[in-house]
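Numbering (the working numbering), first residue to last: 3 to 334.
All C-beta atoms, glycine included, are put in the ideal place defined by N, C-alpha and C.
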């Protein structure tokens, strides 16, 4: 419009400038149209390739329309900010309807976790909505979650920690310990206990009913049992069968994963005592195994190290929480 106004001027110089501007606008519009056409053509070609790959490997790719809608939603998420995306996501139910911790509660939990680390630790924290999946037969059931995760570093120490919150079938609020790894300096220095104490204080304020764990690395199979966690019935049945065989064997044994276990060389009297514990189907028997000693030998730790089991601790279980508070040094 400016160029058109200039071309109407009675001043020859101004009129020439207007004609030049109009020409430049025309070139720009032509270039834009050419670019848009090329982009559309590339997008169509991409869609066709994806459809060919989908036909070959048995999946249905998103249509161009679906991809454009997803891109638009992502741009809206970027503009809306973390808090609004968490409390009222564009493609999911609000946390109030799902009865999950809201953004303010989740960020307070994140702050309490960071405060339990040594001073000077640097964090990259993420508070986000996500989902976990459980299978009923071959059908995958999506369960909405609220996730709080951190990556941290201080000097020679690095690591990450992740906690997921969701409602189970009974409607209880569950905190799932999906990972906590400390590498380098600080490993074994008591940081884990400080973090657990701080997080359990927050769990009580948040109304968490139980905390789920999957013990499958290093010392966690032993540590969770010491802290009052209890394996599921299936995990306990598998554990006690395996441990009974190992305790009473005088030869190298192998588990289902191919791991070899050297004979424990336990005296017969202690073998019988440990076997009696493992004959009990009550999963809380794992506490007695974790506490077992033969003189100065920590046989409980030997038995539970590197063990893979799934379990939980209920915050309304007085015995379990008394054990947790004792071994973590949490005063209650």
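- A check of alpha carbon separations from residue 262 across 251, 269 and 271 identifies 251 as the nearest.
- Judged by DSSP secondary structure, residue 197 falls within the alpha helix (DSSP H) whose first and last residues are 193-208.
- DSSP, read as helix, strand or coil, puts residue 244 in helix.
- Counted as a single uninterrupted DSSP element, the stretch harbouring residue 323 is not any beta strand (DSSP E) but the alpha helix (DSSP H) occupying residues 320-330.
- For residue 231, same chain residues with a beta-carbon under 7 Å away, outside a window of 5 residues either side, are 215, 313, 314 and 315 in chain order.
- Within the stretch 139-193, the complete beta strand (DSSP E) segments at least 3 residues long are 141-156, 159-169 and 175-186, listed from N- to C-terminus.
- Between residue 109 and residue 129, the C-beta spacing is below 9 Å.
- Inside the stretch 98-139, DSSP marks whole alpha helix (DSSP H) runs of 4 or more residues at positions 105-117, from first to last along the chain.
- Exposure of residue 192 is indicated by the presence of fewer than 16 other C-beta atoms within 10 angstroms of its C-beta.
- Taking the CA atoms as reference points, residue 200 sits about 8 Å from residue 117.
- Proximity to residue 101 across 280, 202, 174 and 194 peaks at 174, based on C-alpha coordinates.
- Around the beta carbon of residue 113, fewer than 16 other beta carbons lie within 10 angstroms, which makes this residue exposed.
- About 19 Å separates the beta carbons of residue 134 and residue 105, which is beyond the 8 Å limit, so they are not a contact pair.
- Setting aside the 5 residues that flank it on each side, residue 242 is surrounded in the same chain by 280, each with a C-beta closer than 6 Å to its C-beta; the list follows chain order.
- Residue 317 and residue 71 have their C-alpha atoms spaced approximately 43 Å apart.
- Rounded to the nearest whole angstrom, the C-alpha separation of residue 277 and residue 246 is 6 Å.
- For residue 248, same chain residues with a beta-carbon under 7 Å away, outside a window of 5 residues either side, are 255, 263 and 266 in chain order.
- Cβ contact annotation for residue 322 (same chain, cutoff 7 Å, sequence separation greater than five): 230, 232, 315 and 316, in chain order.
- In the DSSP assignment, residue 315 falls within the unbroken beta strand (DSSP E) covering 311-316.
- By the Cβ criterion, the stretch 145-165 is in contact with the stretch 180-194, since at least three pairs of Cβ atoms, one from each stretch, lie closer than 8 Å.
- Excluding the 5 residues flanking it on each side, residue 93 has same chain C-beta neighbours closer than 7 Å at 75, in chain order.
- Only residues of its own chain outside the window of five on either side were considered, and among them 174, 176, 314, 315, 316 and 317 have a CB closer than 7 Å to the CB of residue 212, listed in chain order.
- Excluding residues up to 5 positions away in sequence, 89 and 104 lie with their Cβ nearer than 6 Å to the Cβ of residue 97 in the same chain.
- Taken atom to atom, the span from the alpha-carbon of residue 300 to that of residue 237 is near 22 Å.
- As the crow flies, the alpha-carbon of residue 220 is around 5 Å from that of residue 308.
- Taking the C-beta atoms as reference points, residue 123 is found nearer than 9 Å to residue 156.
- DSSP lists 176 and 316 as the bridge partner or partners of residue 212.
- Counting the other Cβ atoms within 10 Å of the Cβ of residue 136 gives fewer than 16, which makes it exposed.
- For residue 294, no alpha helix (DSSP H) run applies, since DSSP gives it neither H nor E.
- Taking the Cα positions, residue 311 is about 14 Å away from residue 289.
- Shown here for residue 187: same chain residues with a beta carbon closer than 7 Å to its own, the five before and five after excluded, namely 157, 158 and 159 in chain order.
- In this structure, DSSP gives residue 232 an extended state, which the three-state scheme calls strand.
- Counted as a single uninterrupted DSSP element, the alpha helix (DSSP H) harbouring residue 89 occupies residues 84-89.
- By the neighbour-count definition (other C-beta atoms within 10 Å, threshold 16), residue 115 is a buried residue.
- Our two residues, residue 84 and residue 99, have alpha carbons roughly 18 Å apart in a direct line.
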